[in-house]
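Since the structure comes first, as structure tokens, the remarks are kept for the end.
Chains as they are written, first to last, in our numbering: chain A, 1 to 401; chain B, 1001 to 1401.
Now the structure itself:
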């Protein structure tokens, strides 16, 4: 439609295709050994339970489960989750502070939609998952990256950049963080750092979007309280995807926020998708009610622990000494730093020729840096494939040293 | 969160709650006889087929159907629909001109997102479904209402208002229409009028968003070609919901547009919901593949024909002569005009006291008019309930004459 391009809104020109989705096309060959996608292992899907529950739903409440439902989400599901989040995470909330969304992305999009005014500054990790930064950008946010260290986002740097934004006459508005097993870096923030970020948000009047998809997938170490439990006044919007602990096939997530924030999201979604599909919500609710969610989390942790250990062992064994990586306590990702001057994008093209895929790190850096980094996922492939792919990568890199 | 209100974006203040959802709360009492909601009759849901197909999917492709999927939508579903739309509607398209969305609303939101620049003028019916106008408003469109007559939107008035907008230095950008059994008016545009609207769009460089949720539900008269089949150059975005001919419980719809428009929507949705839930797409695809969609449409038409006839008969029998309404050839709605000076909102409150619900017409009028109109849906309630509710309304109105 060359002839209609002039009719497009500016935002349609600005938003870029997600790097991962583009890579997916590049690596779509059957023999590929993929460390790329952040998709969960289908072996974790609770197929038999879902089939049994689905049959019950078709027989017992088809008129409800196949119909439209409320924009807020199934009341019984919100009630269960409010209770569960209180007990498990110290996030004490009522059902009217919860919204069921069509995946994390919708919750993040609604957060950006109700809070971001064009020109507002949103602070994100360097690196960060671009689902969060991209949603802010859609509504005209200026993205400012804040470096991470082994404990996550560095508060002193954040403060510096908030002050710089203010000095430049800009409005610091939102802080996007993934405190547990961050995507892509794999790092987890200790308590003191979480507290400091909350203080900075309070001091400088920021909204915090806390993205928590991997939190339940901890394989070692002790859980650290979510930022939301440290700042219960409403400044934090907590976004919890069920794609990694249930399955992605129904696109289910929950947003927790101040009741007024949730109400505004409910109104905003009425012109976006009206409601999350009812069937999946009934399925997840029954799954939860039957006590299967906690069991599922344990099961998934067992499967992914083995895969993480396999990847770390393979890295120890095959990587040249010049290459560095972290040892995540959970989640899906190991983040790799190549020696200065090396380019991960270049390595990716060579790797694909050898039937190995990963995600080059640059798209996770909103400042255009990160060209010497790469993200390896141990979630999707079998241990033997992980081992072989890492060995191949190690050989490619050794040849370059 | 009184203390966070100052952090909200302007758009969070501007968007109003959908009138229908607010009414839903008002009328949420078990004994209510509802002519309000536009929800389909659960008796139409193909429960047994869906249960059988779901079981097959759980057994045969759980790793695909419970996983993330492509942003474009399931390739086999898009292929089926491209073929089906070509044969049935004269909409000749390829799978890359199709996008599967989480309901009509998402397709409309994406249309507005990629086309509407703040201040652009969007033309909508007086009255119109506010899902379409609301999506445009979210992105800053100025809404201009164009009166309908018994043949739908009046082209001469549209032209007048386009010219007036241009004269005022504004940019006419989008025309939102529901050509078949319009919500809320129930009217259908004849061919000549569709052609004239297409010509006006071409002449004045407008995008047309053609919303087609009820098109398959025709109970009398002959089908009229969709605008998209009359303007295949890419200027029309065709939005087809499956909520009324399949079921709403999986939130499934398809958008047809120029391949470049679709590609931009695919990119935009990556920061919105990534993809439509896979499970429902596999379910709909299998339903289509097994030839059940066309059978389902026939079945639904039979059920709704009886209900429409029941409502029209009840109106003839019970309404005072001063009240006017139309006789729709399809869809869900009869639109009622009260005598000048009467207020439908007032009538609604009285009716609710008598356990009868409908939707007052004013929210469908972007210019604030329509206070003497109301929308009656014959879709959801049983014929006996429709009869009793209309009789009650007639008695209430007769008492006022």
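Every residue gets a Cβ at the ideal spot worked out from N, C-alpha and C, and that includes glycine.
**Message:** With a threshold of 8 Å between beta-carbons, can residue 1279 of chain B be considered close to chain A, or not?
**Reply:** Along the second chain, read from residue 1 onward, the residue named residue 1279 of chain B stands at position 279. Closer than 8 Å to some Cβ of chain A, the Cβ of residue 1279 of chain B qualifies, so yes.
**Item:** With 16 other Cβ atoms within 10 Å as the buried cut-off, status of residue 329 of chain A
**Value:** For the purposes of this step, residue 329 of chain A is identified with residue 329 of the first chain, where counting begins at 1. Residue 329 of chain A is buried by the Cβ-count criterion.
**Asked** In or out: residue 166 of chain A buried (at least 16 other Cβ within 10 Å) or exposed?
**Response** By 1-based counting over the first chain, the position of residue 166 of chain A is 166. Residue 166 of chain A comes out exposed.
**Item:** Cβ separation of residue 246 of chain A and residue 1135 of chain B, assumed to be a contact under 8 Å, to the nearest whole Å
**Value:** The residue you call residue 246 of chain A lines up with position 246 of the first chain. The residue you call residue 1135 of chain B lines up with position 135 of the second chain. Contact doesn't hold; Cβ gap of about 30 Å is too wide.
**Prompt:** Counting along the chain, where does the beta strand (DSSP E) carrying residue 1209 of chain B start and finish?
**Reply:** Looking up residue 1209 of chain B in the second chain gives position 209. Unbroken beta strand (DSSP E) run through residue 1209 of chain B: 1207 to 1211.
**Message:** What does the alpha-carbon distance come out to for the pair residue 1197 of chain B and residue 133 of chain A?
**Reply:** Position 197 of the second chain, counted from the first residue, corresponds to residue 1197 of chain B. Position 133 of the first chain, counted from the first residue, corresponds to residue 133 of chain A. Spanning the two alpha carbons is a distance of roughly 40 Å.
**Asked** Exposed or buried, residue 142 of chain A, counting other C-beta atoms within 10 Å across all chains shown (16 or more means buried)?
**Response** As a working note, residue 142 of chain A is residue 142 in the first chain. It is buried - the Cβ of residue 142 of chain A has at least 16 other Cβ atoms within 10 Å.
**Request:** Give the straight-line distance between the Cα atoms of residue 80 of chain A and residue 212 of chain A, rounded to the nearest whole angstrom.
**Result:** Against the first chain, residue 80 of chain A aligns to sequence position 80. Against the first chain, residue 212 of chain A aligns to sequence position 212. When rounded, the distance between both Cα atoms is 18 Å.
**Request:** Whole angstroms is fine: what's the gap from residue 1390 of chain B's alpha carbon to residue 1353 of chain B's?
**Result:** Within the second chain, the letter at position 390 stands for residue 1390 of chain B. Within the second chain, the letter at position 353 stands for residue 1353 of chain B. About 15 Å.
**Request:** Give a yes or no on whether 8 Å exceeds the smallest Cβ distance from residue 39 of chain A to chain B.
**Result:** If you number the first chain from 1, residue 39 of chain A lands on position 39. Taking Cβ atoms only, chain B reaches closer than 8 Å to residue 39 of chain A, which makes this a yes.
**Prompt:** For residue 1004 of chain B, does the three-state DSSP call read helix, strand or coil?
**Reply:** Start at 1 with the first residue of the second chain, and residue 1004 of chain B comes out as number 4. Residue state, collapsed to three classes: helix.
**Request:** Tell whether a beta-carbon distance below 8 Å holds between residue 268 of chain A and residue 113 of chain A.
**Result:** Position 268 of the first chain, counting from 1, holds the residue named residue 268 of chain A. Position 113 of the first chain, counting from 1, holds the residue named residue 113 of chain A. Contact flag set, yes.
**Message:** Measuring straight from C-alpha to C-alpha, what distance separates residue 30 of chain A and residue 355 of chain A?
**Reply:** The sequence position of residue 30 of chain A within the first chain is 30, counting from 1. The sequence position of residue 355 of chain A within the first chain is 355, counting from 1. So the two alpha carbons sit approximately 9 Å from each other.
**Asked** So, is the C-beta of residue 238 of chain A closer than 8 Å to a C-beta in chain B?
**Response** Here residue 238 of chain A refers to the residue found at position 238 when the first chain is read from its first residue. For residue 238 of chain A, the answer is no, since every Cβ of chain B falls outside 8 Å of its Cβ.
**For residue 349 of chain A, the first and last residue of its enclosing alpha helix (DSSP H)** = Translated into the one-based positions of the first chain, residue 349 of chain A becomes position 349. Here the alpha helix (DSSP H) through residue 349 of chain A covers 344 to 353.
**Asked** Can you give the beta carbon distance from residue 1102 of chain B to residue 1367 of chain B, rounded, assuming they're within the 8 Å contact cut?
**Response** The count along the second chain starts at 1 and reaches residue 1102 of chain B at position 102. The count along the second chain starts at 1 and reaches residue 1367 of chain B at position 367. Not confirmed; about 31 Å, so no contact.
**Reference residue 170 of chain A, options A:188, A:117 and A:202, closest by Cα** = Counting from 1 along the first chain, the entry for residue 170 of chain A is found at position 170. Selected option, being the one with the closest Cα: A:117.
**Prompt:** What are the partner residues of residue 117 of chain A, as DSSP defines its beta bridges?
**Reply:** Walking along the first chain from the start, residue 117 of chain A turns up at place 117. Beta-bridge pairing links residue 117 of chain A to no other residue.
**Request:** Using a threshold of 8 Å, state whether the C-beta atoms of residue 104 of chain A and residue 239 of chain A are closer than that.
**Result:** Position 104 of the first chain, counted from the start, is the residue given in the question as residue 104 of chain A. Position 239 of the first chain, counted from the start, is the residue given in the question as residue 239 of chain A. For residue 104 of chain A and residue 239 of chain A, yes; Cβs fall inside 8 Å.
**Prompt:** Can residue 181 of chain A and residue 158 of chain A be called in contact, C-beta distance under 8 Å?
**Reply:** Taking the first chain and counting its residues from 1, one reaches residue 181 of chain A at position 181. Taking the first chain and counting its residues from 1, one reaches residue 158 of chain A at position 158. In this structure, residue 158 of chain A does not lie closer than 8 Å to residue 181 of chain A by Cβ.
**Prompt:** If residue 219 of chain A and residue 304 of chain A are in contact, beta carbons under 8 Å, what's the gap, nearest whole angstrom?
**Reply:** In the first chain, residue 219 of chain A corresponds to position 219, counting from 1. In the first chain, residue 304 of chain A corresponds to position 304, counting from 1. Their Cβ separation, rounded to whole angstroms, is 6 Å, which keeps residue 219 of chain A and residue 304 of chain A in contact under 8 Å.
**Message:** By the DSSP assignment, the beta strand (DSSP E) with residue 1100 of chain B in it spans what residues?
**Reply:** Working through the second chain from its first residue, we reach residue 1100 of chain B at position 100. Its beta strand (DSSP E) spans residues 1098 to 1101.
**Request:** Examine the Cβ distances between the stretch 1311 to 1318 of chain B and the stretch 1369 to 1388 of chain B and report whether three or more of them are shorter than 8 Å.
**Result:** yes
**Prompt:** Can you list the residues of chain B that residue 105 of chain A reaches, using a CB-CB cut of under 7 Å?
**Reply:** Translated into the one-based positions of the first chain, residue 105 of chain A becomes position 105. The contacting residues are 1271, 1272, 1273 and 1274.
**Request:** Could you pull out every residue in the same chain whose Cβ sits closer than 7 Å to the Cβ of residue 1002 of chain B, ignoring the five residues on either side in sequence?
**Result:** Start at 1 with the first residue of the second chain, and residue 1002 of chain B comes out as number 2. In this prediction, residue 1002 of chain B has a pLDDT of 45, which is less than 50 and means its spatial position is unreliable; nothing more can be read from the coordinates.
**Item:** Which listed residue (B:1249, B:1053 and B:1144) has its alpha carbon closest to that of residue 977 of chain B
**Value:** Missing from the structure shown is residue 977 of chain B; chain B here goes from 1001 to 1401 and no further.
**Request:** List the residues of chain A whose Cβ lies closer than 9 Å to the Cβ of residue 1096 of chain B, in chain order.
**Result:** One-based indexing of the second chain puts residue 1096 of chain B at position 96. Neighbours of residue 1096 of chain B on chain A: none; closest Cβ ~13 Å, over 9 Å.
**Asked** Listing by chain order, which chain B residues have their CB less than 7 Å from the CB of residue 131 of chain A?
**Response** The count along the first chain starts at 1 and reaches residue 131 of chain A at position 131. Correct list: 1271.
**Asked** Would you report the Cα separation of residue 278 of chain A and residue 68 of chain A, rounded to the nearest angstrom?
**Response** Residue numbering aside, residue 278 of chain A sits at position 278 when the first chain is read from its first letter. Residue numbering aside, residue 68 of chain A sits at position 68 when the first chain is read from its first letter. Approximately 6 Å between the Cα atoms of the pair.
**Message:** Taking the straight line between their C-alpha atoms, what separation do you get for residue 1365 of chain B and residue 228 of chain A?
**Reply:** Here residue 1365 of chain B refers to the residue found at position 365 when the second chain is read from its first residue. Here residue 228 of chain A refers to the residue found at position 228 when the first chain is read from its first residue. Spanning the two alpha carbons is a distance of roughly 42 Å.
**Request:** For chain B, find out if any of its Cβ atoms is closer than 8 Å to the Cβ of residue 117 of chain A; answer yes or no.
**Result:** The residue you call residue 117 of chain A lines up with position 117 of the first chain. Yes - at least one Cβ of chain B is within 8 Å of the one on residue 117 of chain A.
**Asked** Alpha carbon to alpha carbon, what distance is there between residue 129 of chain A and residue 392 of chain A?
**Response** Mapped onto the first chain, residue 392 of chain A falls at position 392. Mapped onto the first chain, residue 129 of chain A falls at position 129. About 26 Å.
**Message:** On the CB-based measure, 16 or more other CB atoms within 10 Å of its CB, does residue 401 of chain A come out buried or exposed?
**Reply:** Your numbering for residue 401 of chain A matches position 401 in the first chain. Result: exposed.
**Asked** Going by DSSP, what residues sit across from residue 148 of chain A in a beta bridge?
**Response** Along the first chain, one-based indexing puts residue 148 of chain A at 148. Partner(s): A:153.
**Asked** Enumerated in chain order, which unbroken segments of the beta strand (DSSP E) with a length of 3 residues or greater are wholly contained in the stretch 1354 to 1399 of chain B?
**Response** 1373 to 1377
**Request:** Measure the beta-carbon distance from residue 1184 of chain B to residue 1358 of chain B and round it to whole angstroms, keeping in mind my assumption that it falls under 8 Å.
**Result:** Here residue 1184 of chain B is taken as the residue at index 184 of the second chain, counted from 1. Here residue 1358 of chain B is taken as the residue at index 358 of the second chain, counted from 1. About 10 Å separates the two Cβ atoms, so there is no contact after all.
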